[in-house]
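Only one structure is covered here, and it is reproduced in the block below.
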Amino acid sequence: MAASAVGVVGAGVRFDGVRSIAAGAFEVPQALAAAPSPRESGPVWPARGALAAAEEIARDRGGLVSFAAIGPGRRELGFGEERRYVSASTVKAMLLVAELRRLEAADLPLDESTQGLLEAMITFSDNAAADVIYGRVGDEGLYEVAKLAGMRRFDVYGYWANAQITAADMAGFAGRLNRLLDLGGGEEGSRLLASVIPEQSWGIPEAAPAGATVRFKGGWRPTELGDLVHQVARVDSGKRSYSLAILTDGQPSMDHGEETIRLIARELLRTDRSRARSYPGGRGS
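All the letters of the sequence shown, read from the start, carry residue numbers 284 to 568 under our numbering.
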């Protein structure tokens, strides 16, 4: 996939003046997973060594890399999870929820025209469609979704692509996705998030267990640091669910960023019954 696509298929892309605020000195907070409950049966998550392996990959791949994950039993783990990034198109998942909430509040149906806009915005990552939906819900609609999702550091400045996100907040959003979509049109919203076109189904969907349902949204664009490549997902595998957010900036290429996300995701989704994987390491791998 060419990096020039900057996260969208539609016309009218407006990223001028949008800058990442992730650069600069920072401390890397780390949330260690709680011990498994002795009553929990089945594969244990996270697998032994999985967090350390994911952190090693994040450090080795270059640029800025953050991740957060919520697994069975609501256990949480993360690396640089409070660092803020420009959202790029990942915020379109929040726009989807905001529009469905607007329709329900106004007692309006999900008509064919709006359904088409939402499909273009989510499955093709079309910016022109996102502009229309953002014009309807505005910053207020996004802040309302952020509040409902328990997001603590979300912000937006007059245009959806300017939104500021953290991995911790976006993993929390994904973890509450079923509750957020428990409204009119929610079933269609879930379907759209699980129907992203194959060309954009890299990273977490590739790392997910066979047969899992993956509802996700990616975002990508160039920055002054290099390539910014994000992905946020809810992975439902049998009775087990995982919520992941992997955010990057300063990647040397779009392909490199996609591989960074895939490598980290496969560690974050690994349980102690998964076959151990080796990581070759190195920024050019």
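Just so you know, even glycine gets a beta-carbon here, dropped at the ideal spot from N, CA and C. Being a predicted model, the structure only gives us computed values, none of them experimental.
Of the candidates TRP443, GLY424 and ALA451, ALA451 places its Cα closest to the Cα of ARG435. DSSP places THR406 inside the alpha helix (DSSP H), whose first and last residues are 395-406.
Relative to the Cα of ARG385, the nearest Cα in the group ASP532, LEU463, ALA444 and TRP485 belongs to LEU463. Non-local C-beta neighbours of ARG419 in its own chain, meaning closer than 7 Å and more than five positions away in sequence, comprise GLU382 and ARG385, ordered along the chain.
In summary, ARG498 is buried, with 16 or more beta-carbon neighbours lying within 10 Å of its beta-carbon over all protein chains present.
Within the stretch 321-381, the complete beta strand (DSSP E) segments of 3 residues or longer fall at 347-353, 359-362 and 367-369, listed in chain order. Burial check for GLY458: the Cβ neighbour count within 10 Å reaches 16 or more, so the residue is buried. DSSP places SER473 in no beta strand (DSSP E) but in the uninterrupted alpha helix (DSSP H) bounded by 469-476. The Cβ neighbour count for ILE480, taken over all protein chains shown within 10 Å, is under 16; the residue is labelled exposed.
A distance below 7 Å separates the beta carbons of ARG367 and THR449.
One alpha carbon belongs to GLY467, the other to SER473, and they sit about 12 Å apart. Around the beta carbon of ASP390, fewer than 16 other beta carbons lie within 10 angstroms, which makes this residue exposed. Under DSSP, LYS500 forms a beta bridge with VAL515.
According to DSSP, residue pairing for PRO505 in a beta bridge involves ASP510. In summary, TYR525 is buried, with 16 or more beta-carbon neighbours lying within 10 Å of its beta-carbon over all protein chains present.
Taking a cut-off of 8 Å on C-beta distances, the stretch 372-381 does not touch the stretch 329-348, as fewer than three cross pairs fall below it. With fewer than 16 other Cβ atoms inside 10 Å of its own Cβ, ALA388 counts as exposed.
If you draw a straight line from the Cα of PHE437 to the Cα of TRP443, it comes to about 12 Å.
In the three-state reduction of the DSSP assignment, GLY533 falls in the strand class. ALA351 sits close to ALA454, with the two beta carbons spaced by under 7 Å. For ILE448, the enclosing beta strand (DSSP E) has its first and last residue at 447-449. Within the same chain, ASP555 come within 8 Å of ARG331 by CB-CB distance, once the 5 residues on both sides are set aside. SER520 is a Cβ neighbour of PRO492, given a cutoff of 7 Å. In the displayed model, LEU466 falls within coil according to three-state DSSP, outside both helix and strand. ILE544 and ALA403 have their C-alpha atoms spaced approximately 24 Å apart.
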